[in-house]
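Asks: Chains as they are written, first to last, in our numbering: chain A, 9 to 331; chain B, 9 to 331; chain C, 9 to 331; chain D, 9 to 331. Note that CB positions come from ideal geometry on N, CA and C, so glycine has one too. Bear in mind that the values here come from a model prediction, so they are computed numbers and not experimental data.
Protein chains: 4
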Amino acid sequence: MKIKAGIVGGAGYTGGEMLRLLLNHPDVEIDFVLSSSNEGNLVSDVHTDLYGDTRLRFSGLLKQDVDVLFLCVGHGDAKKFLDANPIDKSVKIIDLSQDFRLKAAAGTDWIYGLPEFNREQIRTANYIANPGCFATAIQLGLLPLAAKGLLKGEIHINATTGSTGAGQSLSTTSHFSWRNNNLSIYKAFDHQHLNEIGESMVFLDPAFNAPVNFIPQRGDFTRGILASIYMDTELSGEEALKLYEDYYADAAFTHVSKKNIDLKQVVNTNKGLLHVQKHGSKLHVISIIDNLLKGASGQAVQNMNLMFGLEERQGLRLKATAF
Amino acid sequence: MKIKAGIVGGAGYTGGEMLRLLLNHPDVEIDFVLSSSNEGNLVSDVHTDLYGDTRLRFSGLLKQDVDVLFLCVGHGDAKKFLDANPIDKSVKIIDLSQDFRLKAAAGTDWIYGLPEFNREQIRTANYIANPGCFATAIQLGLLPLAAKGLLKGEIHINATTGSTGAGQSLSTTSHFSWRNNNLSIYKAFDHQHLNEIGESMVFLDPAFNAPVNFIPQRGDFTRGILASIYMDTELSGEEALKLYEDYYADAAFTHVSKKNIDLKQVVNTNKGLLHVQKHGSKLHVISIIDNLLKGASGQAVQNMNLMFGLEERQGLRLKATAF
Amino acid sequence: MKIKAGIVGGAGYTGGEMLRLLLNHPDVEIDFVLSSSNEGNLVSDVHTDLYGDTRLRFSGLLKQDVDVLFLCVGHGDAKKFLDANPIDKSVKIIDLSQDFRLKAAAGTDWIYGLPEFNREQIRTANYIANPGCFATAIQLGLLPLAAKGLLKGEIHINATTGSTGAGQSLSTTSHFSWRNNNLSIYKAFDHQHLNEIGESMVFLDPAFNAPVNFIPQRGDFTRGILASIYMDTELSGEEALKLYEDYYADAAFTHVSKKNIDLKQVVNTNKGLLHVQKHGSKLHVISIIDNLLKGASGQAVQNMNLMFGLEERQGLRLKATAF
Amino acid sequence: MKIKAGIVGGAGYTGGEMLRLLLNHPDVEIDFVLSSSNEGNLVSDVHTDLYGDTRLRFSGLLKQDVDVLFLCVGHGDAKKFLDANPIDKSVKIIDLSQDFRLKAAAGTDWIYGLPEFNREQIRTANYIANPGCFATAIQLGLLPLAAKGLLKGEIHINATTGSTGAGQSLSTTSHFSWRNNNLSIYKAFDHQHLNEIGESMVFLDPAFNAPVNFIPQRGDFTRGILASIYMDTELSGEEALKLYEDYYADAAFTHVSKKNIDLKQVVNTNKGLLHVQKHGSKLHVISIIDNLLKGASGQAVQNMNLMFGLEERQGLRLKATAF
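#1: Taking the alpha carbon of B/D107 as the reference point, which residue from B/G227, B/I237, B/G140, B/L249 has its own alpha carbon closest?
#2: The beta strand (DSSP E) spanning C/N166 covers which residue range?
#3: As a quick exercise: from C/L64, C/N49, C/K290, pick the residue whose alpha carbon is nearest that of B/N221.
#4: Looking at the structure shown, is B/R325 part of a helix, part of a strand, or coil, going by DSSP?
#5: If you follow the alpha helix (DSSP H) that B/K250 is part of, which residue opens it and which one closes it?
#6: Give a yes or no on contact between the segment 309-318 of chain D and the segment 111-125 of chain D, applying the rule of three or more CB pairs nearer than 8 Å.
#7: Compute the Euclidean distance between the alpha carbons of D/I165 and B/D73, then round it to the nearest angstrom.
#8: At a CB distance below 7 Å, what residues from the segment 286-314 of chain D approach chain G? Give them in sequence order.
#9: If we ignore side chains and look at the alpha-carbon of each, how far apart do B/Y238 and B/S208 end up?
#10: Note down the Cα distance separating D/L251 from C/K71, rounded to an integer number of angstroms.
#11: Which of helix, strand or coil does DSSP assign to A/A235?
#12: Residues in the same chain with beta-carbon distance under 7 Å from C/S44, minus the five sequence neighbours each way, listed in chain order, please.
#13: Do you know how far the Cα of C/R321 is from the Cα of B/L300?
#14: Can you tell me which residues form a DSSP beta bridge with D/L281?
#15: Let's test the definition: count the other Cβ atoms within 10 Å of the Cβ of B/E25 and tell me whether it reaches 16, buried, or not, exposed.
#16: Does the beta-carbon of B/N13 have 16 or more other beta-carbons within 10 angstroms, so that it is buried, or is it exposed?
#17: So for C/E25, helix, strand or coil by DSSP?
#18: Which of the three DSSP states, helix, strand or coil, is assigned to C/V274?
#19: If you measure between the beta carbons of B/A248 and B/A145, is that distance less than 8 Å?
#20: Can you find the residues in the same chain that come closer than 8 Å, C-beta to C-beta, to D/R226, ignoring five residues on each side of it along the sequence?
#21: In terms of residue numbering, what span does the alpha helix (DSSP H) encompassing B/P123 cover?
#22: I'd like to know whether the C-beta of D/T168 is nearer than 8 Å to at least one C-beta of chain A.
#23: Give the DSSP-derived three-state secondary structure of C/L31 in the structure shown.
#24: Under 8 Å Cβ-Cβ, which residues of chain C neighbour D/K272?
#25: Is the beta carbon of A/L263 sitting closer than 8 Å to the one on B/Y59?
#26: Below 8 Å, can you find three or more Cβ-Cβ pairs linking the segment 75-82 of chain B to the segment 99-113 of chain B?
#27: Of the choices D/I163, D/N203, D/L153, whose alpha-carbon is the least far from that of D/D213?
#28: With distances taken between CB atoms, is the gap from D/D198 to A/H287 smaller than 8 Å?
#29: Looking only at its chain, what residues have a beta carbon closer than 8 Å to the beta carbon of D/R131, apart from the 5 residues adjacent to it on each side?
#30: Buried or exposed: where does C/T116 fall if 16 or more other Cβ atoms within 10 Å of its Cβ makes it buried?
#31: Look up C/A308 in the DSSP assignment and say whether it is helix, strand or coil.
#32: For A/L31 and A/I205, I'd like the C-alpha separation in whole angstroms.
#33: Which residues bound the alpha helix (DSSP H) around A/L212?
#34: So with CB distances below 7 Å, who are the chain C contacts of A/T172?
#35: Let me confirm a value: D/G280 is counted as buried when at least 16 other C-beta atoms fall within 10 Å, else exposed. Which label applies?
#36: Beta carbon of C/N93, beta carbon of C/A304: below 8 Å?
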């Protein structure tokens with residue numbers, strides 16, 4: 009019997025990716041896709057690449073007889089939605105917004121849905137706070153060190169994101185004439201994902217209090233995040249490589265590459281790729297993901313697979329765009 | 009029992025796409041991937057997006073105990089390969105080069121592998137000449153008219169291709185510094201795909217002798233072909249739309265959209281999308297495909313599915329890149 | 009003594025280009041730049057590439073003691089502006105909108121500002137209707153034939169424009185996530201520039217009544233138009249080449265290339281480049297311009313130079329971006 | 009009387025930019041452009057954007073009766089060229105390669121041509137070693153601090169370059185299909201420009217021995233470098249801003265912006281723009297240049313202007329591409 013899924017906020021970018029994934033997922037049927045602004049319209053009128061693949065329409069009606077609910081609404085709106093719409097206890101919820109990522113907001117009900125960090129907790133969770141895209145890329149680069157208490161000094165991060173990270177709203181910095189062939193920095197040292205990252209690090213290493221210097225950049229591509237991360241380490245290059253390889257030995261989607269990596273190796277996949285290299289006293293870690301997949305909807309499906317006891321890669325063996 | 013597949017020429021773009029598709033195809037196992045220049049190397053060393061997905065290595069040895077052989081070598085090299093390496097009659101062959109597309113070269117052994125044109129013949133074929141990418145996009149736009157003998161006057165075509173259409177060899181026009189933000193025309197009125205198109209049209213309509221004016225353009229994107237096609241017609245807009253909808257009613261991947269279309273609706277999928285509109289006396293047909301999938305390796309898998317009695321969409325329900 | 013120029017609508021794309029050109033023009037001083045929405049702000053706050061080059065501020069006040077006024081407002085707004093703000097007879101006006109391009113609207117006061125078509129009339133004009141960008145690219149490709157009465161049969165045009173052609177307003181088709189790596193068609197057979205083109209052709213050849221089939225495309229680059237144009241001709245290739253070379257022998261910015269051309273040859277310049285080639289019975293003309301320069305503000309300066317008796321290239325010897 | 013200039017290695021990217029600049033420079037005439045591989049060919053056959061602008065041809069003959077010689081050959085080849093071709097003492101030389109940038113190679117004859125660092129020395133120099141592109145962007149970001157001895161602790165730099173930085177040779181990482189929409193890191197902690205930067209810093213502050221951590225990135229655009237630089241500082245934000253503004257108060261092309269900056273503000277100009285901001289204990293400096301202009305040929309012309317007593321901006325008031 010298939011898992012019945014509902015999607016709330018199906019007209020945005022992460023909602024569209026949920027649809028693209030779940031329509032092809034062998035163990036899921038989409039029960040409804042909620043979008044107040046698109047009620048009654050064909051899903052393929054909004055996500056036009058789905059034309060010919062589905063006759064599904066957006067719904068205006070929240071239904072409770074589903075197994076899992078994906079919340080693909082804006083930051084702040086997920087909490088409001090749940091406050092206004094009490095959901096049956098029997099329904100598992102995966103929230104893609106930032107509303108329940110921090111412990112202060114999440115309490116004990118919500119589990120932070122980064123499988124490389126806490127896969128076992130996810131398996132038994134009812135409510136998942138799906139991690140942010142930058143936070144995912146960066147944590148993949150830090151977890152092996154944090155798990156061994158090896159994050160002692162300052163951490164230096166520069167990460168560049170594709171335009172889809174900013175969603176579909178129109179703005180100066182999303183205008184093609186502005187963004188094409190351009191590069192810029194925003195929220196330097198001040199990105200909100202720093203808090204999620206910090207909590208995970210502290211959980212793994214209660215003594216963690218290293219300053220994290222994070223410079224986010226807007227790239228002139230649509231999909232993907234490349235994070236460059238470095239810090240002092242006493243590990244040799246070989247030890248560091250082994251540490252990372254061991255940590256991710258069982259990971260379903262995250263792999264350590266001995267060769268240098270480039271962003272398009274993961275675009276349109278749910279993978280995370282890492283490359284670690286020692287330079288003098290510094291350990292340099294490059295981490296890449298697709299911001300909409302491993303950084304959002306793909307990870308949500310991965311979490312769903314874990315929660316429902318499915319094989320973790322189910323529905324996520326995606327053909328990379330590659331070019 | 010799975011279909012055993014061999015790939016000849018696995019290091020190029022179409023070879024890479026064959027690998028990306030067949031690794032996820034539920035009914036296929038890849039027996040070997042031949043590449044003389046890469047013998048012994050990991051497939052993921054060349055197609056780096058496959059890192060973490062497969063430990064397969066390129067082979068230097070052609071094996072005959074496979075069910076199907078995909079030839080992903082350059083134009084001219086497929087015929088040479090088969091001349092030098094007689095293949096057992098029991099092995100079905102799908103050639104992605106242009107060597108057997110034209111009847112003069114193909115004789116009666118090779119079937120032109122465009123399912124929208126001759127799906128039934130493909131089902132029983134042993135040898136398939138897989139169509140060219142431009143030829144696919146353009147024929148999808150012309151078939152419904154040709155089938156009714158309605159291609160009377162001149163046909164006007166402008167089609168723009170992504171850079172992967174030119175393969176992975178390095179050249180001035182594939183240099184990023186040249187091609188980025190650029191647009192240019194090549195082989196105007198003289199593209200070799202005109203011959204394939206002509207033969208299909210004549211087959212459907214022996215009286216066909218309309219001049220086909222074809223202007224190919226090099227676009228500054230990596231994947232996809234958008235073809236703009238028009239000709240005089242006495243059909244009304246409604247009649248034309250119905251003609252196209254009827255013709256493609258049973259097509260597995262080709263659909264007619266009442267709304268205008270844009271290239272990214274099909275990128276990283278095996279779909280063909282068409283939009284037809286009457287303007288004065290002209291019927292305007294827009295046809296879009298992904299040149300490496302519906303225009304090459306995806307169509308090869310579709311042909312394989314038909315030849316082996318599989319569901320036509322098997323292994324080809326691909327997540328669109330969308331952005 | 010320098011020409012005193014005023015710019016109306018200085019915050020848009022064509023206004024910005026006017027500023028970039030006039031700030032470096034040796035014979036011009038900018039007297040004021042009107043922008044109601046930006047009154048008092050630094051010009052370099054809006055056109056941020058001008059930071060460090062000018063301390064000019066937007067003005068809210070129209071002044072009449074200038075020699076020339078450039079209207080860089082939206083279509084429809086130029087006429088409204090002039091209706092609401094009678095301008096002294098002593099002030100020459102160059103309007104970049106479409107409001108006065110057609111004779112019905114322009115009457116006898118306004119001269120169509122395409123120097124390759126009517127340079128002598130421009131020299132003595134007081135009011136110039138600056139041509140549209142598509143109209144410029146296409147007319148450059150047709151003028152030599154029209155001038156000899158050689159446009160007899162149907163004309164086939166496919167032209168692709170950069171995103172700046174659509175201005176700075178935010179829309180779905182200007183969103184980076186949509187437009188990057190995409191291609192699409194709009195207003196097929198129905199673009200408003202067809203009317204301007206038609207009037208010029210009829211002026212040169214009163215018998216002109218050939219159907220002009222025009223397919224505009226949205227390209228995934230920011231600057232430039234490449235137009236592909238063909239029609240039947242009885243001219244030989246050599247005759248056609250000579251016809252074009254002769255017609256443009258004295259042109260300041262429009263040149264005929266014996267070699268194939270590509271868009272970036274003209275980006276960020278005021279040039280028009282043409283390539284003409286005979287294929288069977290067809291003459292194929294490729295025409296390229298920068299839509300914001302030769303297709304808008306550059307041509308406006310060229311017209312100003314002519315109107316004020318300056319050397320035609322003054323202030324317009326621009327460094328191509330080239331890459 | 010005009011300055012007579014010769015260009016050695018005129019067929020490459022920096023040679024092309026020299027031509028684009030010098031053809032429009034009011035005080036220079038190009039005497040010859042040497043290119044052994046292109047002798048006799050039109051310059052516009054290689055730099056096709058110059059078609060219609062010049063009938064100049066490449067020469068195979070080095071002439072000594074020029075005032076200035078620009079060496080636009082590859083790294084290593086400049087020294088070889090000068091060894092094989094002794095140049096008259098009367099000819100000033102500006103070398104764009106890295107061959108004479110370091111003191112060990114340069115001796116006392118060659119002056120490092122960064123006007124913001126040593127403009128007065130350049131004025132009287134005979135031989136100029138033109139700085140590297142990354143080195144220029146980064147030094148502009150560090151000079152004000154170094155000049156005050158304020159570079160005490162570690163320096164953290166991430167800088168992304170356009171594809172033209174790698175020149176016109178064909179390679180995997182310059183292939184459009186690979187580079188488009190991609191991002192990657194190379195030579196992490198190990199870029200050769202670190203040495204130039206180090207020497208300038210030590211010159212300004214003999215006590216300088218701070219580790220410089222530099223991560224270069226390959227961007228998917230053609231022109232420009234954006235460098236993100238930070239370090240600990242005891243300066244307040246206001247003090248830092250004032251320090252930078254004061255240092256660059258007289259700079260011809262380098263300006264400090266109080267607002268955040270983005271790469272396209274400087275593309276196709278000779279400008280350097282800086283933005284400085286204090287975050288906690290860190291001073292964050294963003295520095296942008298066009299790698300082919302301020303990072304190569306534009307700076308070479310700026311140096312020539314200084315050496316010949318011309319106004320520093322002569323021939324370099326370039327129209328930004330802006331989009």
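Replies: Well, looking at it:
#1: On the second sequence, position 99 is the one that residue 107 of chain B refers to. Closest by alpha carbon: B/G140.
#2: As a working note, residue 166 of chain C is residue 158 in the third sequence. For C/N166, the enclosing beta strand (DSSP E) has its first and last residue at 163-169.
#3: As a first step, residue 221 of chain B must be located in the second sequence, where it is residue number 213. Minimum Cα distance to B/N221 is reached at C/K290.
#4: Here residue 325 of chain B corresponds to residue number 317 of the second sequence, with the count starting at 1. In the structure shown, B/R325 sits in coil (DSSP, three-state: anything other than H, G, I, E or B).
#5: Mapped onto the second sequence, residue 250 of chain B falls at position 242. According to the DSSP assignment, B/K250 belongs to the alpha helix (DSSP H) that extends over 245-255.
#6: Yes: the two stretches touch, three or more of their Cβ pairs being nearer than 8 Å.
#7: For the purposes of this step, residue 165 of chain D is taken as residue 157 along the fourth sequence, with counting starting at 1. For the purposes of this step, residue 73 of chain B is taken as residue 65 along the second sequence, with counting starting at 1. Distance between the alpha carbons of D/I165 and B/D73 is about 56 Å.
#8: Protein chains in the displayed structure are A, B, C and D, and chain G is not among them.
#9: Here residue 238 of chain B corresponds to residue number 230 of the second sequence, with the count starting at 1. Here residue 208 of chain B corresponds to residue number 200 of the second sequence, with the count starting at 1. Approximately 18 Å between the Cα atoms of the pair.
#10: In the fourth sequence, counting from the first residue as 1, residue 251 of chain D sits at position 243. In the third sequence, counting from the first residue as 1, residue 71 of chain C sits at position 63. Between D/L251 and C/K71, the alpha-carbon positions lie close to 40 Å from each other.
#11: As a first step, residue 235 of chain A is located in the first sequence; it is residue number 227 there, counting from the start. If DSSP states are grouped into helix, strand and coil, A/A235 belongs with the strands.
#12: Taking the first residue of the third sequence as 1, we reach residue 44 of chain C at position 36. Cβ neighbours of C/S44 beyond the five flanking positions: G68.
#13: As a first step, residue 300 of chain B must be located in the second sequence, where it is residue number 292. As a first step, residue 321 of chain C must be located in the third sequence, where it is residue number 313. Near 46 Å, if we compare the C-alpha coordinates of C/R321 and B/L300.
#14: Along the fourth sequence, one-based indexing puts residue 281 of chain D at 273. D/H263, D/I296, per the DSSP bridge assignment.
#15: As a working mapping, residue 25 of chain B is identified with position 17 in the second sequence. Buried, since its Cβ has 16 or more Cβ neighbours within 10 Å.
#16: What you label residue 13 of chain B is simply residue 5 of the second sequence in a count that begins at 1. Checking the sequence, you will find Ala at residue 13 of chain B rather than Asn. Result: buried.
#17: As a first step, residue 25 of chain C is located in the third sequence; it is residue number 17 there, counting from the start. If DSSP states are grouped into helix, strand and coil, C/E25 belongs with the helices.
#18: Position 266 of the third sequence holds residue 274 of chain C. In the structure shown, C/V274 sits in coil (DSSP, three-state: anything other than H, G, I, E or B).
#19: In the second sequence, the residue the question calls residue 248 of chain B occupies position 240. In the second sequence, the residue the question calls residue 145 of chain B occupies position 137. Contact check for B/A248 against B/A145 fails: the beta carbons are separated by 8 Å or more.
#20: Residue numbering aside, residue 226 of chain D sits at position 218 when the fourth sequence is read from its first letter. For D/R226, where only same-chain residues beyond five positions count, the Cβ hits under 8 Å are T168, T169, S171, A174, T181, R187, N190, L191, S192, I193, Y194.
#21: Your numbering for residue 123 of chain B matches position 115 in the second sequence. Membership of B/P123 in the alpha helix (DSSP H) is indicated by the continuous run 123-131.
#22: Walking along the fourth sequence from the start, residue 168 of chain D turns up at place 160. It does; some Cβ of chain A falls within 8 Å.
#23: As a first step, residue 31 of chain C is located in the third sequence; it is residue number 23 there, counting from the start. Looking at C/L31 - three-state DSSP - the assignment turns out to be coil, as it is neither helix nor strand.
#24: In the fourth sequence, counting from the first residue as 1, residue 272 of chain D sits at position 264. Within chain C, the residues near D/K272 are D57.
#25: As a first step, residue 263 of chain A must be located in the first sequence, where it is residue number 255. As a first step, residue 59 of chain B must be located in the second sequence, where it is residue number 51. This sequence places His at residue 263 of chain A; Leu is not what is there. Yes, the pair counts as a contact, with Cβ atoms nearer than the cut-off.
#26: Result yes; three or more Cβ-Cβ pairs closer than 8 Å.
#27: As a position in the fourth sequence, residue 213 of chain D is number 205, starting the count at 1. The residue with the shortest Cα to Cα distance from D/D213 is D/L153.
#28: For the purposes of this step, residue 198 of chain D is taken as the residue at position 190 of the fourth sequence. For the purposes of this step, residue 287 of chain A is taken as the residue at position 279 of the first sequence. For D/D198 and A/H287, yes; Cβs fall inside 8 Å.
#29: On the fourth sequence, residue 131 of chain D is found 123 positions in, with the first residue counted as 1. In the same chain as D/R131, and ignoring 5 residues on each side of it, the C-beta atoms closer than 8 Å to its own belong to L314, M315, G317, in chain order.
#30: For this step, residue 116 of chain C is matched to residue 108 along the third sequence. Burial call: exposed.
#31: Indexing the third sequence from 1 puts residue 308 of chain C at position 300. C/A308: helix per DSSP, three-state reduction.
#32: For the purposes of this step, residue 31 of chain A is taken as residue 23 along the first sequence, with counting starting at 1. For the purposes of this step, residue 205 of chain A is taken as residue 197 along the first sequence, with counting starting at 1. If you take the alpha carbons of A/L31 and A/I205, they lie about 32 Å apart.
#33: By one-based count along the first sequence, residue 212 of chain A stands at place 204. That run of the alpha helix (DSSP H) goes 201-212.
#34: Numbered from 1 along the first sequence, position 164 holds the residue referred to as residue 172 of chain A. Here the neighbours are S185.
#35: Within the fourth sequence, numbered from 1, the residue matching residue 280 of chain D stands at position 272. When all chains shown are included, D/G280 counts as buried.
#36: Taking the first residue of the third sequence as position 1, residue 93 of chain C is located at position 85. Taking the first residue of the third sequence as position 1, residue 304 of chain C is located at position 296. Result no, Cβ atoms of C/N93 and C/A304 do not sit closer than 8 Å.
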